[in-house]
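Numbering (our numbering), first residue to last: 935 to 1186. Presented below is the structure to which this report refers.
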């Protein structure tokens, strides 16, 4: 190979890598406002065909009001993400007492050993209209964990006095008070550090080293990479909507 050809190949490789990096550091929409392209419902066979997740007024809507006969039903991205900045808007309703959350770095398991026969393993940023202080804290749905990891608690139970002071500053806006008002959420994942922001309030800075990359998470393939998803909690009557869902992946 002569020097000129080698030089040209080197320059092209450099330019291509630069273009790839630029693309990685740009915002892209995860929801087109029209249909579920890029998203998939994950649930047990008994819940297939039930329309809990739908498109309503250019938003992703979940509505199980009046129906408690269901297991966990998730709406997840088809793509997987590792290091990223996710931002979205969500709308909560005072009439809804159900729980939701934003899964990240999560993997759906349909093996015979999976919880209920189908389970989304991975951490979740909680989203709980009835108790705003919980919104932005991190619960881990991974089998073998199933507890709050920020703050670190032994199970699913949590009281305001157990939350960090930052969480107590979280204020949510409700549809009944102002139909035009939406809440904002940001999730930033860099390596093992996870940050969350709710309505401009920094709620969580969590160092998951030794937790998100431990043996249990590695067994399920979650914690370091995976899908993003929204949760409908088992037996809950939930009404919630999402829109303006954007992600920026960080170049390695």
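All residues carry an ideal CB built from backbone N, CA and C; glycine is no exception. None of the values given here were measured: they were computed from a predicted structure.
Check	Outcome
Select from 1045, 1071, 1005 and 1051 the residue whose C-alpha is nearest the C-alpha of residue 1035.	1071
Which residues mark the beginning and the end of the alpha helix (DSSP H) in which residue 1152 is found?	1149-1154
What are the start and end residues of the beta strand (DSSP E) that includes residue 1007?	1007-1011
May I have the straight-line CA-CA distance separating residue 991 from residue 1144, to the nearest angstrom?	42 Å
Do you know offhand how far residue 1155's Cα is from residue 1149's?	10 Å
The beta strand (DSSP E) that contains residue 1025, what's its start and end?	1018-1026
Residue 1076: buried (16+ other C-beta within 10 angstroms of its C-beta) or exposed?	buried
Let me check one thing: in DSSP terms, what residues is residue 981 bridge-paired to?	Looking at the DSSP assignment, residue 981 forms no beta bridge with any residue, so it has no partner.
Are the stretch 1018-1035 and the stretch 1085-1094 in contact at 8 Å, needing three or more beta carbon pairs?	no
Span of the beta strand (DSSP E) holding residue 1084?	1081-1084
In this structure, does DSSP put residue 1088 in helix, strand or coil?	coil
Decide if the stretch 1132-1139 is in contact with the stretch 1005-1019; the criterion is three or more beta carbon pairs, one per stretch, under 8 Å apart.	no
Which residues bound the beta strand (DSSP E) around residue 1058?	1057-1061
Determine, using beta carbons only, whether residue 1171 and residue 999 come nearer to each other than 7 Å.	yes
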